[in-house]
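Have a look at the structure below before the remarks.
Number of protein chains: 2
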Amino acid sequence: MNRRTRGPGARHEERREQIADAVLAIVAGRGLQAVSQTEVAARAGVSAGRVQHYFPAKKELIEAAFDRANARSTARIRRLVGGDPLTAPPREALTVVLTQLVPHDPETRTHLRVRQSFTALALSDEAIAGRMRARYAEFHRELAVLVRRAQDAGAAPAGLDPRTAAVRLAALAEGLAYYVLIGITEPEDAREQILAAIADVHGERPA
Amino acid sequence: MNRRTRGPGARHEERREQIADAVLAIVAGRGLQAVSQTEVAARAGVSAGRVQHYFPAKKELIEAAFDRANARSTARIRRLVGGDPLTAPPREALTVVLTQLVPHDPETRTHLRVRQSFTALALSDEAIAGRMRARYAEFHRELAVLVRRAQDAGAAPAGLDPRTAAVRLAALAEGLAYYVLIGITEPEDAREQILAAIADVHGERPA
DNA sequence: ATCAAATCAATGTGATCGCATCGTTATGAC
DNA sequence: GTCATAACGATGCGATCACATTGATTTGAT
Numbered sequence: 001m002n003r004r005t006r007g008p009g010a011r012h013e014e015r016r017e018q019i020a021d022a023v024l025a026i027v028a029g030r031g032l033q034a035v036s037q038t039e040v041a042a043r044a045g046v047s048a049g050r051v052q053h054y055f056p057a058k059k060e061l062i063e064a065a066f067d068r069a070n071a072r073s074t075a076r077i078r079r080l081v082g083g084d085p086l087t088a089p090p091r092e093a094l095t096v097v098l099t100q101l102v103p104h105d106p107e108t109r110t111h112l113r114v115r116q117s118f119t120a121l122a123l124s125d126e127a128i129a130g131r132m133r134a135r136y137a138e139f140h141r142e143l144a145v146l147v148r149r150a151q152d153a154g155a156a157p158a159g160l161d162p163r164t165a166a167v168r169l170a171a172l173a174e175g176l177a178y179y180v181l182i183g184i185t186e187p188e189d190a191r192e193q194i195l196a197a198i199a200d201v202h203g204e205r206p207a
Numbered sequence: 001m002n003r004r005t006r007g008p009g010a011r012h013e014e015r016r017e018q019i020a021d022a023v024l025a026i027v028a029g030r031g032l033q034a035v036s037q038t039e040v041a042a043r044a045g046v047s048a049g050r051v052q053h054y055f056p057a058k059k060e061l062i063e064a065a066f067d068r069a070n071a072r073s074t075a076r077i078r079r080l081v082g083g084d085p086l087t088a089p090p091r092e093a094l095t096v097v098l099t100q101l102v103p104h105d106p107e108t109r110t111h112l113r114v115r116q117s118f119t120a121l122a123l124s125d126e127a128i129a130g131r132m133r134a135r136y137a138e139f140h141r142e143l144a145v146l147v148r149r150a151q152d153a154g155a156a157p158a159g160l161d162p163r164t165a166a167v168r169l170a171a172l173a174e175g176l177a178y179y180v181l182i183g184i185t186e187p188e189d190a191r192e193q194i195l196a197a198i199a200d201v202h203g204e205r206p207a
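Taken in order, these protein sequences are the chains called A and B.
When the count follows full-length UniProt numbering, it moves up by one through the first sequence with no breaks and lands on 207 for the last residue.
When the count follows full-length UniProt numbering, it moves up by one through the second sequence with no breaks and lands on 207 for the last residue.
This is the structure:
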């Protein structure tokens, strides 16, 4: 129907995303504690009043930014896989999803910095924690499906429980990702380890 | 010589540790952003002036708390292993060091919450980041020594590069630890996965 | 005993924060 | 056209923060 329901402009969702993106940029650069109405408004190139209008409470602003980050991440994965990861070739999908977790370009680096800030916030903010748990539940479930399909396709002999293998892969990838982020591991090394772990799931011997 | 160099009491280091511990308690409970002079003073049971006296700048207070957390962690590991981990039976030391990373009692849970807060801070605070890198360098080096000794002792056939294996083990353990912390993985499951990974390093087939 | 330095508490200060409030403007419904 | 209302900008307010300042007190050294 109407693209604009009310008021001037009224590209409501668009504006919200623009502001949420500004929050993410600040978080990536200087952390969550640097997020304030003034800071966000300046970064987004809008008035502080507008920020407050779209997000009456700071809590909502932060949560919107978190959701926005997840949406961006999901979109990026889908773009790289070329569709729904669950219907893509399982091994390729596994490789993309897991290697995208480790920072290797500005975009992934920024995303992981943001994510790391929110993981800390989740420890003292139940609203974020709930979203985080839901996000991980979906993530691990999706990974488990991929692992199972990969096992079925390959010549996996015994076959580890898909769910367990999925969690193991994710944990390894996330741990390595943080090491890369703080600069104690090279992106290439992390990637190699992840590929080896994926090969292991396929019944091949890891390097 | 003199335990007290100057002034009343002058149990300088002791007081600093007491205040640093208060900081850690606050971080564990409500996160880094809840740390303020007033809050710390109240938690430590001292005047706000004293906090300021021992830590003229907040930056120093935070860094002292970080160092304190590391010292506590090191002491706990040594206590559990019963001496220097590097001279203990390698497989036992590996098991202790890695399984202690995942939260399974109030102490380890608190420690990991604190650690998680600091990992986020390290992304926007170079002083903390430097300390963090140094800490990990030592941690991974120590793990690598243990892995090498474990490989020598066991019947490991080929033998993965000890350094690579060490990083892999640590990454897996830390990833699992965070999953446990936010409640999407059970402590027992995480422990099992870690034990399996250690067995793998020893040349045994993982479960 | 005296003194200098360390310790400590109390108060002040400027800045910043989240949020409330108020007034103006722009827009769509009628 | 008019009217209700969303959109928006600007300003105000109370709270809190890190840090500075001040002054009193306690100790060890001499």
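Ideal Cβ placement from N, Cα and C applies to all residues, glycine included.
Small disclaimer: the values here were computed from a predicted structure and weren't measured.
Query                                                                                                                                                                               : Result
Give the secondary structure of Ala197 of chain A by DSSP, where H, G and I count as helix, E and B as strand, and everything else as coil.                                         : helix
Can you list the residues of chain A that Glu17 of chain B reaches, using a CB-CB cut of under 9 Å?                                                                                 : The premise fails here: Glu17 of chain B is roughly 24 Å from chain A at the closest Cβ pair, so nothing lies under 9 Å.
Give me the residue from A:Ala153, A:Leu172 and A:Leu146 with the minimum Cα distance to Pro162 of chain A.                                                                         : A:Leu146
DSSP three-state label for Thr99 of chain B, please.                                                                                                                                : helix
I'd like the ranges of any alpha helix (DSSP H) spanning at least 4 consecutive residues and lying wholly in the region 87-167 of chain A.                                          : 90-99, 106-121 and 126-153
Quick one: is Thr5 of chain A near chain B, going by C-beta distance under 8 Å?                                                                                                     : Below a pLDDT of 50, predicted positions are generally treated as unreliable, and Thr5 of chain A, at 49, falls in that range; the measurement from the model is reported next regardless. Judged by the 8 Å Cβ criterion, Thr5 of chain A is not in contact with chain B.
Where His12 of chain B and Arg131 of chain A are concerned, what is the direct C-alpha to C-alpha distance, given to the nearest angstrom?                                          : 44 Å
Would you check if the region 125-144 of chain A and the region 16-25 of chain B touch, i.e. whether three or more CB-CB distances between them fall below 8 Å?                     : no
Run the CB neighbour count on Arg113 of chain A, radius 10 Å, all protein chains shown included, and call it buried at 16 or more, exposed below.                                   : buried
Measure the CB-CB distance between Gly183 of chain B and Leu172 of chain A and report whether it falls below 8 Å.                                                                   : no
Given that Gln100 of chain A touches chain B, what residues does it touch there, using C-beta distances under 9 Å?                                                                  : Those do not exist, as Gln100 of chain A stays about 16 Å from chain B at its closest Cβ, beyond 9 Å.
What in chain B is Cβ-close to Ile184 of chain A, meaning under 9 Å?                                                                                                                : Met132, Arg133, Tyr136, Ala137, His140 and Val167
Counting contacts by CB-CB distance shorter than 8 Å, is Tyr178 of chain A in contact with chain B?                                                                                 : yes
Which value, in whole angstroms, describes the spacing of the CA atoms of Val167 of chain A and Ala93 of chain A?                                                                   : 16 Å
Which bits of chain B does Glu60 of chain A rub up against, with CB to CB less than 7 Å?                                                                                            : Going along chain B, no residue has its Cβ under 7 Å from Glu60 of chain A, so there is no contact; the nearest lies around 18 Å.
What do you reckon, are the CB atoms on Val27 of chain B and Ala65 of chain B nearer than 8 Å?                                                                                      : yes
Taking 8 Å as the threshold (C-beta atoms), are Phe139 of chain B and Ala170 of chain B in contact?                                                                                 : yes
What's the C-alpha gap between Glu60 of chain A and Leu121 of chain B?                                                                                                              : 22 Å
Can we say the region 100-109 of chain A touches the region 102-111 of chain B, given the rule of at least three CB pairs closer than 8 Å?                                          : no
Quick check on DSSP: helix, strand or coil for Arg11 of chain B?                                                                                                                    : coil
How is Ala173 of chain B classed by DSSP in three states: helix, strand or coil?                                                                                                    : helix
When you compare the CB positions of Pro90 of chain B and Arg141 of chain B, do they come within less than 8 Å of one another, or not?                                              : no
Would you mind stating whether Gln33 of chain A and Thr119 of chain B have Cβ atoms separated by less than 8 Å?                                                                     : no
Kindly indicate which residue of B:Ala48, B:His111, B:Val46 and B:Ala42 has the alpha-carbon position closest to the one of Arg76 of chain B.                                       : B:His111
Just tell me which of B:Pro187, B:Gln151 and B:Thr185 has its CA closest to the CA of Gly203 of chain B.                                                                            : B:Gln151
Taking the beta carbon of Leu181 of chain B as the centre, do at least 16 other beta carbons fall within 10 Å, making it buried, or is it exposed?                                  : buried
How would you list, in chain order, the residues of chain B whose beta-carbon sits under 9 Å from the beta-carbon of Ala71 of chain A?                                              : Residues of chain B passing the Cβ test: none, with the nearest at roughly 20 Å.
Per DSSP, what kind of secondary structure is Pro56 of chain B in: helix, strand or coil?                                                                                           : coil
Could you give the residue range of the alpha helix (DSSP H) that holds Val40 of chain B?                                                                                           : Gln37 to Ala44
How long is the line joining the alpha carbons of Thr38 of chain B and Ala127 of chain A, rounded to whole angstroms?                                                               : 27 Å
Would you say Thr74 of chain B and Ile194 of chain B are within 8 Å of each other, going by their C-beta atoms?                                                                     : no
Using only the alpha-carbon positions, how far apart do Val96 of chain B and Ser47 of chain A sit?                                                                                  : 54 Å
Evaluate Asp200 of chain A with the Cβ neighbour count: other Cβ atoms within 10 Å of its Cβ, from every protein chain shown; 16 or more gives buried, anything less gives exposed. : buried
Under a Cβ-count criterion, where at least 16 other Cβ atoms within 10 Å of its own Cβ denotes burial, should Pro56 of chain A be classed as buried or exposed?                     : exposed
Excluding five sequence neighbours on each side, which residues of the same chain lie with their C-beta closer than 6 Å to the C-beta of Glu14 of chain B?                          : none
Taking DSSP as the reference, what is the three-state secondary structure of Glu186 of chain A?                                                                                     : coil
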